[in-house]
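Residues in the sequence shown are numbered consecutively from -15, following my numbering.
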Amino acid sequence: MGQLQFFVVLCYSIPFLVILFPIGLSFSYIFKITGLDRWSNRINNYLGYFWYRSFFLLTGRTLEFKQGNWDPNGNNRFLICNHTNAMEVPLIVALPYLSNSKDVKLSYLGGDIIQRYKIIPLMMHKTIVEAVIYSEKKPNFRNFKTDVLRVLKTRSIFLYPEGERTFTEEIKPFQTGVMKIAYKFDVDLDVFVVSGMMGYSNLPEYSYLKKTKTVYFHFCGSIKAKDFSTFESYLSEAETLMRNKKKEIEELEKAAVIA
């Protein structure tokens, strides 16, 4: 087992080994069954926050979250972020508490990561997440589009437009499938960027990230589909926002090592 794989196992062991999670999820499901959705959702949001804090405490890292002018209580939309590896998921499910908006309703769009790490459907309730699980081998895009739009009626959806974990700090080109749905149906985008997650690896090119011991999670800006005349310009603007913010953060990381 490599160093990165070790930390992934450690990260996803926390919800199964800490007694707070089975107790909290049990109460969450009871509240949901009895119609107390707000309290059910709030418990899940807190558990996500506890998950990320526990993992960073165990690994000796800190998080710099910058919300900027992001309004978590706005209209239902896509929240997009670059995807380095599976350890970014706790940041996503912790986002409501990070933004001090405990009642934000988020769902999560993913393929194999949801199937592989069963805690994600548990954290967000299977009846919420199953609508946006898709098959990479035999995708049914008509049903997929319908399910995504249905989920957006009640909550926002967090997704990775690169379409895969990159295992590099480089931002890869966005896949167009889900982004075309967003453009066609005027779904607003809130763009985030994460940096520093490859500091958990033993790759020599990321050795400087081990020294900084900081993971950055910043809001880049919002995009409205109606402001763009073509899908290509819409997609390009989303990529540019993310890449520009990533460059700013990388300068901070390198400056921290020099200091």
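Just so it is clear, CB atoms sit at the ideal spot from N, CA and C, and this is done for glycine as well.
Owing to the predicted nature of the structure, the values given are computational and were not obtained by experimental measurement.
Around the Cβ of T130, a 10 Å sphere holds fewer than 16 other Cβ atoms; the residue is exposed.
The continuous beta strand (DSSP E) containing C204 extends over residues T198 to I207. Burial is judged here by how many other beta carbons sit within 10 angstroms of a residue's own beta carbon; S12 has at least 16 and is buried. Under the three-state reduction of DSSP, L136 is assigned to coil, being neither helix nor strand. C-alpha of L(-12) to C-alpha of L41: approximately 17 Å in a straight line. Approximately 17 Å separates the beta-carbon atoms of F5 and I76; this is outside 8 Å, ruling out the contact. One alpha carbon belongs to T160, the other to G183, and they sit about 29 Å apart. Where V171 is concerned, there is no enclosing alpha helix (DSSP H), because DSSP gives it neither an H nor an E. Listed as beta-bridge partners of F49 by DSSP are F201. Distance between F203 and C65, taken at the CA atoms: about 9 Å. Residues A209 and K210 of the same chain have their beta carbon placed closer than 7 Å to that of D170, with the five preceding and five following residues left out of the count. Counting of Cβ neighbours within 10 angstroms places V(-7) among the exposed residues, the total staying below 16. With fewer than 16 neighbouring CB atoms inside 10 Å of its own CB, A239 falls in the exposed class. In the structure shown, V178 falls within a strand segment according to DSSP collapsed to helix, strand and coil.
Taking a C-beta distance under 7 Å as the contact criterion, V162 and Y192 do not qualify as a contact pair.
In this structure, Y144 sits away from A78, with a CB-CB distance that is not shorter than 7 Å. Spatial neighbours of Y190 in its own chain (CB-CB distance under 8 Å, excluding positions within 5 residues in sequence) are listed in chain order as E153, M182 and G183. For I17, the uninterrupted alpha helix (DSSP H) segment begins and ends at L4 to I17.
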